[in-house]
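Protein chains in written order, with the numbering used here: chain A, 780 to 918; chain B, 143 to 323. Report on the structure given below.
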Amino acid sequence: MAYSDKVIEHYENPRNVGSFDKGDESVGTGMVGAPACGDVMKLQIRVNDSGIIEDARFKTYGCGSAIASSSLVTEWVKGKSLEDAGNIRNTQIAEELALPPVKIHCSILAEDAIKAAITDYRKKHGLEQPAEQPACKAA
Amino acid sequence: MALELQLDYFDMFGLPARFSLDDEELGRAYRDLQAVVHPDRFVNASDAERRVSMQQATQLNEAYRTLKDPVRRAAYLLRRQGIDPELDTNTSMPTAFLMEQMEWREAIEAASGSADSRELDQLSCRLGGELRRMYAQVGQQIDERGDFAGAAETVRKLMFLEKVSDQIGDAMESLEEGTGD
């Protein structure tokens, strides 16, 4: 299967690979995995006092599309509020990377990862949970 | 038409619908059916009969592949109970489990990077133990406890571990190729 140029670009030059200390109070960590393909994704955000995501890191073991999806999300969330970052949808990721239908689950994984990271950060700070559940079932 | 295949895979082979299954019995039942529906037997038959034989052979192979493989067999047993193992949709595995999955992959990466085949052997051995433990667990959950929700989670976990197993295999292969040159 042919990867799009954007997927290849992110795959060859992934942005923001690495880790933050997950014990750090300003860090939110999201760990998710896709059973169908065995991909594992860790996505972390560093949030400043005004609730803005200053920096992000990821580590993904998976196919090119999974790596590109998480790389893209770490770029997109920087400078966003937690709320705005939580509104990123897998369809936007899939569109930006021109993912074929069989790779849509990679974009879902990335959406779930950023949501899990936000939830982790909010939990650490005793903030209220948003009513919406992570979009595990979203097609 | 030679034979009507049962739609249910266990019925097809005349086996009880359980996770624990006798591999040899399955193999025997498969070969017996294959002898009856194999397209080679229909070379002189009508177009319609040949088409049916092709379809049945495909159906039979799919059934055999599904029941022979423990994870596919478990997933099939769950779907038979109306339980979706959510292999495509459930991304929220327990964090500790996902951390372990990261660690497996990091260990494989490190061992490949340093061309350490002994470490890969050890990882493979440890993983083998883990896989056997999980197969036993899913067997108990399905056959003895009827805990289908628990079994669905075990099946999801097994999907990750089998991926790790593939990756160890790939890493070993590329090391062997490297030293063979």
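Each residue gets a CB set at the ideal place from its N, CA and C atoms; glycine is no exception.
- A Cβ of chain A is located within less than 8 Å of the beta carbon of Gln243(B).
- Per DSSP, the unbroken alpha helix (DSSP H) holding Val856(A) starts and ends at Gly843 to Val856.
- By the neighbour-count criterion, in which a residue is buried when 16 or more other Cβ atoms sit within 10 angstroms of its Cβ, Val881(A) is exposed.
- For Leu888(A), the closest Cβ of chain B is nearer than 8 Å.
- At a cut-off of 8 Å, the C-beta of Asp258(B) has no neighbouring C-beta in chain A.
- Measuring C-alpha to C-alpha distances from Gly905(A) to each of Glu804(A), Met810(A), Arg836(A) and Ile824(A) identifies Glu804(A) as the nearest.
- Per DSSP, the beta-bridge partners of Phe837(A) are Val796(A) and Leu822(A).
- For the pair Pro793(A) and Ile832(A), the CB atoms are not nearer than the 8 Å cut-off.
- The beta strand (DSSP E) runs lying completely inside the region 863-907 of chain A and spanning 3 residues or more number zero.
- In the DSSP assignment, the residues bridged to Met810(A) are Lys821(A).
- For the pair Val806(A) and Leu168(B), the Cα-to-Cα distance works out to about 52 Å.
- From the listed residues Arg170(B), Gln198(B), Leu273(B) and Tyr172(B), the smallest Cα separation to Pro181(B) is found for Gln198(B).
- Residue range Asp189 to Lys210 is occupied by the alpha helix (DSSP H) that includes Thr208(B).
- Met314(B) has its alpha-carbon roughly 10 Å from the corresponding atom of Ala253(B).
- Around Thr296(B), the same chain offers Met276, Gln279, Val280 and Gln283 as residues with beta carbons nearer than 7 Å, after the five sequence neighbours per side are excluded.
- Legend: CB atoms of the region 224-236 of chain B lying less than 7 Å from CB atoms of chain A belong to residues Leu229, Asp230, Thr231, Asn232, Thr233, Ser234 and Met235.
- Taking C-beta atoms as the reference points, Leu861(A) and Ser783(A) fail to come closer than 8 Å.
- The distance from the Cβ of Thr839(A) to that of Met820(A) is about 5 Å, consistent with a contact at the 8 Å cut-off.
- Around the beta carbon of Asp165(B), fewer than 16 other beta carbons sit within 10 angstroms, so the residue counts as exposed.
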